[in-house]
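Working notes, structure below.
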Amino acid sequence: MNAKKINIWKILFWFALAVLAVFFHSDHFLNGDEGVTLNGAWNLYNHRHLYFDFFSFLPPLSFYLIYWIWLILGVSFWSAKAFSIILLLAGAFGLFKISEHLRSHPINYFVPFLFILISSWWWIINHNFYYLVFSIWSCYFLLLFLENNTRRHCLAAALLASASIATLQQKGLLFALASFLIILFFNKRQFGRRRFLAAALYVLGVAAPLVLLLFFWPLSVLWQNLVIFPLFHYIEANRLPYYLLFLASISWLLFAWPFRSYDYRRWALLILSGVLIISCYPLPDYYHLSMALVLLLPMLPDLLDKLNNPAGRCRRVLAISGLTWLWLWPVSHFLAFFFNFSFTKDYPFLDYIRRECPGQYLQVGPFLPNVYLETGKLSATSFDILITGHQTAEQFAQAAAQLEINQPVCAVTAYPASLSRFRHQLDNPVDNFIRANYQPVFTEGSITVWKYRNQ
Numbered sequence: 009m010n011a012k013k014i015n016i017w018k019i020l021f022w023f024a025l026a027v028l029a030v031f032f033h034s035d036h037f038l039n040g041d042e043g044v045t046l047n048g049a050w051n052l053y054n055h056r057h058l059y060f061d062f063f064s065f066l067p068p069l070s071f072y073l074i075y076w077i078w079l080i081l082g083v084s085f086w087s088a089k090a091f092s093i094i095l096l097l098a099g100a101f102g103l104f105k106i107s108e109h110l111r112s113h114p115i116n117y118f119v120p121f122l123f124i125l126i127s128s129w130w131w132i133i134n135h136n137f138y139y140l141v142f143s144i145w146s147c148y149f150l151l152l153f154l155e156n157n158t159r160r161h162c163l164a165a166a167l168l169a170s171a172s173i174a175t176l177q178q179k180g181l182l183f184a185l186a187s188f189l190i191i192l193f194f195n196k197r198q199f200g201r202r203r204f205l206a207a208a209l210y211v212l213g214v215a216a217p218l219v220l221l222l223f224f225w226p227l228s229v230l231w232q233n234l235v236i237f238p239l240f241h242y243i244e245a246n247r248l249p250y251y252l253l254f255l256a257s258i259s260w261l262l263f264a265w266p267f268r269s270y271d272y273r274r275w276a277l278l279i280l281s282g283v284l285i286i287s288c289y290p291l292p293d294y295y296h297l298s299m300a301l302v303l304l305l306p307m308l309p310d311l312l313d314k315l316n317n318p319a320g321r322c323r324r325v326l327a328i329s330g331l332t333w334l335w336l337w338p339v340s341h342f343l344a345f346f347f348n349f350s351f352t353k354d355y356p357f358l359d360y361i362r363r364e365c366p367g368q369y370l371q372v373g374p375f376l377p378n379v380y381l382e383t384g385k386l387s388a389t390s391f392d393i394l395i396t397g398h399q400t401a402e403q404f405a406q407a408a409a410q411l412e413i414n415q416p417v418c419a420v421t422a423y424p425a426s427l428s429r430f431r432h433q434l435d436n437p438v439d440n441f442i443r444a445n446y447q448p449v450f451t452e453g454s455i456t457v458w459k460y461r462n463q
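Next up, the structure:
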């Protein structure tokens, strides 16, 4: 009877957590980061070929995940959101499984709750979030392998790391490299030849699925789009102050100090979390850094359970305090949204476009690609982002030429205050073409709808 009662409470807990996840993520805003993923899937749905018909510097998996969901459930923002919430719960369960693997304790239920709480500020229809879920489960199977030395766990960790690379290349590669080194040097149960064979199996499991990409795209295209372009353009266009990166590093150090004498599994978690923090160097904002630090959450029960122990109590309190900014920030933002009843927002300019802008094409820029899906139109160019310093001069010239050929009835420009961090310059071929050939017909805040002068 007691076991049945415990199971009922577990079911109620996970149900309540699912309700909380839905509650936190029942919003519908126009966000450029979500728009990149949604518009990539929207292009695929409309038979456009990735890297040929439309440009992206991201790997294909996040686009195809939403595309496949749409093939099953139909095209809508909410089907993509529902899928992402399911992944959110999968990530929460993965962190719970990691904490249970480290030590079974009722406090472990605090871990998925805190993860859902932190996620309340995240945009979850996004490659960064999908990559995180794959990384969490890869980490779980890696820890199982370090404990049990079973090949299936090593292979599962490798395949999930491969999926993380196919979702977000630079972070996934760093995560996979760190995991490989952990297998090679932190594997306390295998020695000599067997340890190298395990590392080789991991490399094979990571590489084999990625090789399949060559059946769909030439190596030169993948190299140019996924390596060269982000390496030389992404970092400069997204440069931010590094104070949050410094804060995250201090949080990691405070957290790592009490665990300096613990076992290799906890140090594997610390190493992977540290690598994720380092991978945020190109864009060290709260969104990316908070995701990097969630791998520390499964070790929180160790600290909470021993706070009554005078030895090391100060270090443990400092470690827990160092992570408070992770949940204080999203909760404050969420409460601001909640008390202003702004879970959703009406966008009259979208209704205007649907009503007054016939034709297949639309031009939206510099960075609001959600509009294409919301209006059921396709980009008149090969680009869903057109930010100076991010796109090259050649790409801007190509986009302007495509605009002249396709001549969409309407164009949309959005210059919110948040765009200032990109240092976008209005004197560029695309913005100049719009001002020369279109006239403003509708304004909503920082968003302007332009209509072709001959219409």
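According to our numbering, the residues represented by the sequence shown are 9 to 463, in order.
Just so it is clear, CB atoms sit at the ideal spot from N, CA and C, and this is done for glycine as well.
Express the C-alpha separation of residue j and residue i in angstroms, rounding to a whole number.
i	j	result
L152	H161	6 Å
N51	K385	10 Å
L377	A186	In the sequence under discussion, the amino acid at residue 377 is Pro, which differs from the Leu named in the question. Computed Cα separation, rounded: 34 Å.
H241	I80	36 Å
Y369	Y423	21 Å
L28	I124	8 Å
L261	M299	17 Å
S84	Y138	18 Å
I1	L189	Given a span of 9 to 463 for the chain in the structure shown, any question on residue 1 remains unanswerable.
N445	S426	27 Å
P306	H55	42 Å
A215	W458	47 Å
L222	Q232	14 Å
F430	E155	45 Å
F37	W86	12 Å
R202	Q433	56 Å
C418	Y59	25 Å
S146	F391	33 Å
P238	L212	26 Å
A169	S143	6 Å
Considering Cα atoms alone, identify which of the options is closest to residue i.
i	options	result
L311	G48, S107, A90 and I77	S107
F62	V119, S387 and L381	S387
K18	S287, L163 and I115	I115
E412	R431, R443, T45 and S428	R443
A276	N195, L58, W458 and F37	N195
G397	T383, A98 and F375	F375
Y289	S228, L252 and A174	L252
H135	A171, P217 and P292	A171
L132	L96, Y148, S112 and F224	The amino acid occupying residue 132 in the given sequence is Ile; Leu does not appear at that position. Nearest of L96, Y148, S112 and F224 to I132, Cα basis: L96.
L150	I393, I279, I93 and I94	I279
Decide if residue i is buried, meaning its Cβ has at least 16 other Cβ atoms within 10 Å, or exposed.
i	result
D354	exposed
G453	exposed
D359	exposed
N436	buried
N440	exposed
E402	exposed
F31	exposed
V379	buried
Y75	buried
G82	exposed
Going by DSSP, what residues sit across from residue i in a beta bridge?
i	result
S387	L370
Q406	In the DSSP output, where bridge partners are listed per residue, Q406 has none listed.
P448	W458
Q399	T396
Run the proximity test for residue i: is its beta-carbon closer than 7 Å to any non-hydrogen atom belonging to the ligand GDP?
i	result
D61	Inclusion of the ligand GDP in the displayed structure is not the case, the ligand content being empty and no account of it being possible.
Counting only runs of 4+ residues fully inside the region 28–84, write out the alpha helix (DSSP H) ranges in chain order. 40–53 and 69–81
Entirely within the region 225–296 and at least 4 residues each: give me those alpha helix (DSSP H) ranges in chain order. 227–231, 251–264 and 272–286
Quick one: complete alpha helix (DSSP H) runs, 4+ long, within the region 172–225? 177–193 and 201–219
Alpha helix (DSSP H) runs wholly inside the region 104–130, at least 4 long, in chain order: 118–126
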